[in-house]
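The structure appears right after this line, and notes come after that.
Number of protein chains: 2
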Amino acid sequence: MKYVTIIDIAKELGISKSTVSRALAGDSHNVNAETMRRIVEVADRMGYQRNELAVNLRRQHTQTIGILIPEVVTTFFMNFIEHAQRLLRKDGYRVIVAISNEDPEQERENLRMMEQCRVDGILMSVCHHEANIDCYQRMIRKGIPITFFDRAVEGVEASRVVVDDYIMSFLLVEALIRKGRRRIVHLAGPKHVRNAVARLQAYRDALRKFGMEVDERYIVAGGLNAEEGAAAMRRFVEGGLPFDALFGFTEMATLGAKSLLQQLGYRIPDEVALCCMSGTTLCTLVHPELTAVEQPVYAMAETACRLLIHQIEHPDAPKEEVVLRGDLRFRAST
Amino acid sequence: MKYVTIIDIAKELGISKSTVSRALAGDSHNVNAETMRRIVEVADRMGYQRNELAVNLRRQHTQTIGILIPEVVTTFFMNFIEHAQRLLRKDGYRVIVAISNEDPEQERENLRMMEQCRVDGILMSVCHHEANIDCYQRMIRKGIPITFFDRAVEGVEASRVVVDDYIMSFLLVEALIRKGRRRIVHLAGPKHVRNAVARLQAYRDALRKFGMEVDERYIVAGGLNAEEGAAAMRRFVEGGLPFDALFGFTEMATLGAKSLLQQLGYRIPDEVALCCMSGTTLCTLVHPELTAVEQPVYAMAETACRLLIHQIEHPDAPKEEVVLRGDLRFRAST
DNA sequence: GTGAAAGCGCTAACAG
DNA sequence: CTGTTAGCGCTTTCAC
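Following this line, the structure appears as structure tokens:
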């Protein structure tokens with residue numbers, strides 16, 4: 130099955146392909162109005178579709194942005210993609226998405242793919258805080274700008290937009306305490322994810338602010354997914370320590386813990402209150418009707434796209450870091 | 130910033146670019162082992178990355194599959210993408226994703242983009258049952274095979290994998306009735322989505338099976354998103370008819386209705402039981418602990434990929450339709 | 001306003 | 001086993 134090319138159109142009209150190219154590119158300044166009309170008419174009669182491959186090869190850039198994310202079980206990244214895609218499209222960019230499944234090896238592989246496809250820039254949220262730093266640096270040195278969002282790394286020449294994990298977490302733990310919870314378990318994330326470190330710190334500081342002792346036995350490694358979260362919770366429960374609340378690192382681990390607790394007969398949220406963050410969203414299950422304090426993903430997507438496009442258009446401009454805060458809104462539970 | 134090309138490598142070693150090309154393509158049969166070694170060594174010393182654009186332009190196919198989906202608020206499509214991506218990668222295909230946001234206009238646009246990018250095939254779930262049929266047909270005639278999944282259309286020369294909406298819905302409504310619910314509201318989907326039609330039919334038939342009259346006032350147009358669902362529910366409630374259950378078409382509309390009912394003070398699921406389907410997943414909120422009967426998305430992704438690749442490799446093979454059923458498993462609520 | 005020609009990076013005959 | 005050559009479809013000087 131052959132595609133129609135500008136040569137086919139040129140032949141059909143007995144003119145040169147250069148003219149056709151100009152006409153189809155909308156260069157009305159350099160092609161006769163009448164010729165233009167005829168070309169356009171024939172083009173869509175024949176069902177012509179420009180071959181982007183050829184255009185890109187020639188132009189040396191693809192007008193394509195790669196989005197790399199670590200997972201897709203949580204709604205945060207999907208919402209990000211949706212917004213980013215819409216925004217980028219308006220600026221004439223296509224988007225390609227790759228998921229690394231929290232696996233640095235696959236992330237490396239995805240990055241290589243992005244390079245082979247000659248994307249103009251990359252929007253990414255890392256799966257490991259250090260594993261692939263050399264990779265990121267290589268990309269950037271090659272002239273492919275990266276803008277990190279949500280899960281960012283340090284020590285790389287790239288722009289980044291993050292949420293203030295520390296502040297947000299602090300708010301959550303504070304909310305639990307104000308509700309009268311005193312024995313709060315923290316399902317901590319792995320140390321190689323920098324957000325996890327900040328959240329743990331916030332947990333400690335919030336307790337101290339209320340003059341409470343930080344009991345290390347209440348800090349358990351909660352992993353990243355539902356299974357790990359459930360397993361961690363099981364271990365904790367078996368320890369026999371009393372508890373009335375839980376602050377988890379990932380949404381998935383928290384949900385895993387929740388399922389387990391329900392199986393064991395705990396009543397949620399009356400007996401055990403839960404809360405966690407998911408991307409830009411702060412979820413607290415303390416109150417069943419009002420469960421989330423939300424920083425719209427939109428803001429993050431918008432900022433990330435803006436920063437990236439700026440880097441693409443001005444390769445030498447200094448990198449920026451923006452920390453989202455404020456603008457919190459309440460959202461009803463679904 | 131210039132990329133390294135095979136010419137650079139050839140010059141570096143004082144040989145021809147053909148040999149380099151062959152070596153890098155792994156054609157050990159036609160290049161001396163020693164030459165091979167040197168080429169590979171230089172290639173990665175210089176940080177060479179094959180330019181897929183050039184390869185594809187030359188080869189006349191891209192090894193890329195386009196995935197077109199209508200929305201991304203529900204987890205179903207995201208899970209589908211994740212699985213499909215993983216499976217296709219194994220077969221050497223890249224994936225590009227586009228979201229049409231339930232808008233036929235944007236779907237058309239996305240389809241055009243896929244064509245311009247010269248994807249080898251398309252995996253899609255439509256947003257409208259008829260609006261773009263001509264488009265799908267044009268693509269297929271041009272030699273770009275389409276495999277529809279979940280939301281498929283009829284009357285197009287394409288393979289499809291769907292879930293048996295009728296049977297699944299029938300099961301759901303039956304479950305409600307067996308739980309003692311008699312006044313079941315149906316939040317129907319738009320008639321232009323074929324799944325909606327099947328589900329409505331199942332609703333009617335299930336009631337009849339139990340000798341119940343179908344009261345048309347209990348069938349309300351529920352729309353596709355949370356707002357529309359809530360609005361529809363509000364209208365129904367204002368009508369003042371008694372009801373003790375709700376069977377919704379989309380997950381989002383059902384969630385919208387749920388929020389509204391909660392706001393109005395209804396207790397869920399005791400006072401009003403809810404259920405709906407989401408992609409391959411049957412969700413019933415009748416029972417709080419056990420809320421879903423699930424047909425793994427995986428099965429759908431796997432089948433869709435297989436059908437599509439088969440179409441790509443054998444353009445003239447007859448189209449197939451696969452209806453997933455059986456293999457249902459219970460899933461704990463999260 | 002239009003055409004001829006060069007070339008983006010790569011592969012695939014075809015010779016040697 | 002290796003080199004030469006001819007494009008894939010398009011844009012972009014440079015002439016006319």
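So the sequence lines, in the order shown, correspond to chains B and L. Just so you know, we're using the numbering used here here: the first sequence kicks off at 130 and counts up by one. Just so you know, we're using the numbering used here here: the second sequence kicks off at 130 and counts up by one. Ideal Cβ placement from N, Cα and C applies to all residues, glycine included. Since the model is a prediction, treat every value here as computed from it, not as a measurement.
- Pairing R289(L) with E431(L) gives a Cβ-Cβ distance that is not under 8 Å.
- Assignment of T204(B) by DSSP, reduced to helix, strand and coil, places it in the helix class.
- Contact residues of the stretch 178 to 202 of chain B toward chain L are Q178, R179, N180, E181, L182, A183, N185, L186, T191, V201, V202 (C-beta to C-beta distance below 8 Å).
- In the structure shown, R310(B) adopts coil according to DSSP, grouped into three states.
- Scanning its chain for C-beta atoms nearer than 6 Å, with the 5 sequence neighbours on each side dropped, one finds around L240(L) the residues C264, in chain order.
- Chain L has a Cβ within less than 8 Å of the Cβ of C246(B).
- Note that the stretch 342 to 356 of chain L touches the stretch 374 to 394 of chain L; at least 3 beta-carbon pairs, one per stretch, sit closer than 8 Å.
- Taking a Cβ-Cβ cut-off of 7 Å, the neighbours of Q214(L) in chain B comprise I228, given in sequence order.
- Residue-level contact check: I251(L) does not touch chain B, since none of the beta carbons of chain B fall below 8 Å from its beta carbon.
- At least one C-beta of chain B is nearer than 8 Å to the C-beta of I225(L).
- Collapsing the DSSP output to three states places I273(L) in coil.
- With respect to the 8 Å criterion, L305(L) and A402(L) are classified as neighbours on the basis of their beta carbons.
- Going by DSSP, I168(L) is part of the alpha helix (DSSP H) stretching over 162 to 174.
- Counting only the Cα atoms, M253(B) lies some 13 Å from Q214(B).
- When the Cα atoms are used, A335(B) and D294(B) turn out to be separated by approximately 13 Å.
- Taking CB atoms only, E211(B) has a neighbour in chain L less than 8 Å away.
- Within the DSSP secondary-structure output, F376(B) pairs in a beta bridge with H315(B), C404(B).
- By the rule that beta-carbons nearer than 8 Å mark a contact, T134(B) does not touch chain L.
- In this structure, the CA atom of V322(L) is about 22 Å from the CA atom of K448(L).
- Per DSSP, the beta bridge partners of G250(B) are I194(B).
- Residues of chain L with a Cβ closer than 7 Å to the Cβ of M207(B) are, in chain order, V201, M207.
- For T204(L), the nearest beta carbon of chain B is closer than 8 Å to its own beta carbon.
- When Cβ pairs closer than 8 Å are counted between the two stretches, the stretch 243 to 257 of chain B is seen not to touch the stretch 227 to 247 of chain L, the count staying below three.
- When Cβ pairs closer than 8 Å are counted between the two stretches, the stretch 164 to 180 of chain L is seen not to touch the stretch 189 to 207 of chain L, the count staying below three.
- The beta carbon of R241(L) falls within 8 Å of a beta carbon belonging to chain B, placing the residue at that interface.
- In this chain, R187(L) is not harboured by any beta strand (DSSP E); it is covered by the alpha helix (DSSP H) spanning 181 to 188.
- The C-beta distance from F299(L) to A331(L) rounds to 4 Å, short enough to fall under 8 Å.
- Of the candidates R311(B), L390(B), L217(B), A360(B), R311(B) places its Cα closest to the Cα of R337(B).
- The stretch 269 to 284 of chain B makes no contact with the stretch 222 to 231 of chain L: fewer than 3 CB pairs, one atom from each, lie closer than 8 Å.
- Minimum Cα-Cα distance from E367(B) among the listed residues E357(B), L393(B), G176(B) corresponds to L393(B).
- In this structure T276(L) touches L437(L) by the C-beta definition: roughly 4 Å separates them, less than 8 Å.
- In the three-state DSSP reduction, V452(L) falls in the strand class (E or B).
- If only complete runs of 3 or more residues are kept, the stretch 278 to 359 of chain L shows the beta strand (DSSP E) at 288 to 292, 313 to 317, 348 to 350, in order along the chain.
- Scanning its chain for C-beta atoms nearer than 6 Å, with the 5 sequence neighbours on each side dropped, one finds around V201(B) the residues I228, in chain order.
- The residue from R223(B), F378(B), H258(B) with its alpha-carbon nearest to that of I251(B) is R223(B).
- Straight-line measurement puts the Cα of A374(L) at about 8 Å from the Cα of E400(L).
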